[in-house]
RNA sequence: GCGGACGUAGCUCAGUAGGUAGAGCGCUAGGUUGUGGUCCUGGAUGUCGUGGGUUCGAGCCCCAUCGUUCGCCCCA
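Given below as structure tokens:
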């Protein structure tokens, strides 16, 4: 039986052109994150299973992670996300770290799921977190970074929308005004999360069904349905206007709008699946009609670190996946044409192997990347190879050039050919690389 | 875990009512001396995803399986 050449289900091979794209995407993320002073960190790809169980739930770990027993009998899990690991790292050195902490990483994760559009089993994700800032300056900055990354990829603000909500506001509504208990609240939050995917009448019916008779006497499901339809914070019922979160949301929107992030809006139906978010949550949506969905998001999760039995550290962060981002870039025609790493393909003419090596070594010394042709191949063949490899310049090295120290440099895209000294060749090539 | 679609040369695909496979692109050799992408001429290529079944005979029908893909569940 022949071995399969396919990569493992839901995982990708990165051929050089794919890797080049990934390098581009990561470099944009790094450049923006570092421009805000974020420092890169990383953690092991394997963690004890208990780390993930404590944060999410048994079911998710059982059904959606790669978990196995190591040779020492420990249950370990390939990381499905970064938050538990980074929280562990911060908790471990909590006393010696200098706050606010601005950290980022671009790790790969594994989730045991059925692959589908925008979702694979192995993916990479930019994680941005601020630790130690309790006020909304943290939210402003983190959302600003998310927006700046989109801008750096060339996205127009009209092509994506940043939606905001507050978990505190929702909690206030659900518990104090509607009078629902913890279990009902959790069910309701997950139900609201699915609102836009289901039939509205059915949604309303399920909301209705959640209330027990006693609760219906005091409040009405209609209050919730009305709330979910709001598009502005000013339309909130008076009972909610006084909640501090409303003022926070308003400030946040104003501060971001003031710095040019104008594609931001309040969305009362924005929940984000998991329970550890305790305040502001946000999500970035693709506005393209063919891909109208959430791309990535984040929020505040102040309490998570307390699981390590240390004082809580206020935290705001988000994660941005490479697969959904690539979908976005493709759909909005933002995929760049990337130059290959090699600047020059040296075409050897005649028996010049040794002197050509010297010339090429000089070029490399001066900082250009040079691929050496094969002496055994005809000029034509070497030239074709250079073109097929998408290398921009061909440099002819034959006896004429070696004698005169003037080399024929051919631009393989424009078809122009000029004779230059090596120094000149280097500066031309470097100019192109910068463009 | 559930449902739909798909799986034929390296790639994109065609293959008509079951009778042992084709196109375009690509690849490759040549069109003599140190220059590609156009042109001309020649060439190679597939156990038709895999396993089984029906049939005298299957790429075409049936079952299973693997994979891809779209959606559901879930989405940290």
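Residue numbers (the numbering used here): 444 to 878.
Built from N, CA and C at the ideal position, the CB exists for glycine as well.
Please state whether DSSP places residue i in a helix, a strand or coil.
| i | result |
| --- | --- |
| residue 531 | helix |
| residue 547 | strand |
| residue 737 | strand |
| residue 771 | helix |
| residue 475 | helix |
| residue 681 | helix |
| residue 647 | helix |
| residue 878 | coil |
| residue 526 | helix |
| residue 789 | strand |
| residue 717 | coil |
| residue 483 | strand |
| residue 457 | coil |
| residue 654 | coil |
| residue 781 | coil |
| residue 866 | helix |
| residue 872 | helix |
| residue 599 | coil |
| residue 536 | coil |
| residue 776 | coil |
| residue 847 | helix |
Would you list the residues sitting across from residue i in a DSSP beta bridge?
| i | result |
| --- | --- |
| residue 743 | 759 |
| residue 852 | 838, 861 |
| residue 562 | 559 |
| residue 451 | Looking at the DSSP assignment, residue 451 forms no beta bridge with any residue, so it has no partner. |
| residue 568 | 764 |
| residue 613 | Note: residue 613 sits in no beta bridge, so no partner. |
| residue 574 | 544, 758 |
| residue 469 | BP columns for residue 469 are empty, so no partner. |
| residue 552 | 566 |
If you follow the beta strand (DSSP E) that residue i is part of, which residue opens it and which one closes it?
| i | result |
| --- | --- |
| residue 419 | There is no way to answer for residue 419, as the model of the chain reaches only from 444 to 878. |
| residue 607 | 603-609 |
| residue 815 | 813-815 |
| residue 708 | 707-709 |
| residue 582 | Not the beta strand (DSSP E): residue 582 falls in the alpha helix (DSSP H), residues 580-595. |
| residue 751 | Counting along the chain, residue 751 falls outside any beta strand (DSSP E), and DSSP gives it neither H nor E. |
| residue 511 | 510-512 |
| residue 521 | 518-521 |
Only counting the same chain, and skipping five residues up and downstream in sequence, which positions put a Cβ closer than 6 Å to that of residue i?
| i | result |
| --- | --- |
| residue 862 | 849, 851 |
| residue 753 | 534, 537 |
| residue 778 | 772 |
| residue 798 | 845 |
| residue 495 | 504, 520, 527 |
| residue 473 | none |
| residue 510 | 492, 520 |
| residue 582 | 695, 723, 759 |
| residue 545 | 480, 481, 573 |
| residue 751 | 534 |
| residue 542 | 575 |
What span of residues does the alpha helix (DSSP H) with residue i cover, start to end?
| i | result |
| --- | --- |
| residue 635 | 625-636 |
| residue 696 | 687-701 |
| residue 729 | No alpha helix (DSSP H) holds residue 729; the beta strand (DSSP E) holding it covers 723-729. |
| residue 503 | 501-507 |
| residue 828 | 822-831 |
| residue 803 | 796-808 |
| residue 664 | 664-671 |
Within its chain, find whatever has a CB closer than 8 Å to the CB of residue i; leave out the 5 residues flanking it on each side and keep chain order.
| i | result |
| --- | --- |
| residue 452 | 558, 564 |
| residue 471 | 592, 595, 596 |
| residue 687 | 611 |
| residue 694 | 579 |
| residue 816 | 788, 789, 790, 791, 825, 828, 829 |
| residue 461 | 455 |
| residue 464 | 769, 778, 781 |
| residue 486 | 522, 525, 528, 529, 531, 532, 548, 550 |
| residue 623 | 617, 631, 653, 654, 658 |
Quick one: what's got a C-beta closer than 7 Å to residue i's C-beta in the same chain, skipping five residues either side?
| i | result |
| --- | --- |
| residue 598 | 775, 777 |
| residue 715 | 724, 726, 740, 742 |
Contact the region 565-585 vs the region 657-677: 3+ CB pairs below 8 Å:
no
With contact counted as at least three CB pairs below 8 Å, one residue from each stretch, are the region 725-741 and the region 761-771 in contact?
yes
I'd like to know if the region 590-605 and the region 694-710 are in contact, where contact means that at least 3 CB-CB pairs between them fall below 8 Å. yes
Quick one: any contact between the region 542-550 and the region 654-672, if contact means 3 or more CB pairs under 8 Å? no
*Determine contact between the region 612-624 and the region 787-796, defined as no fewer than three beta-carbon pairs at a distance below 8 Å.*
no
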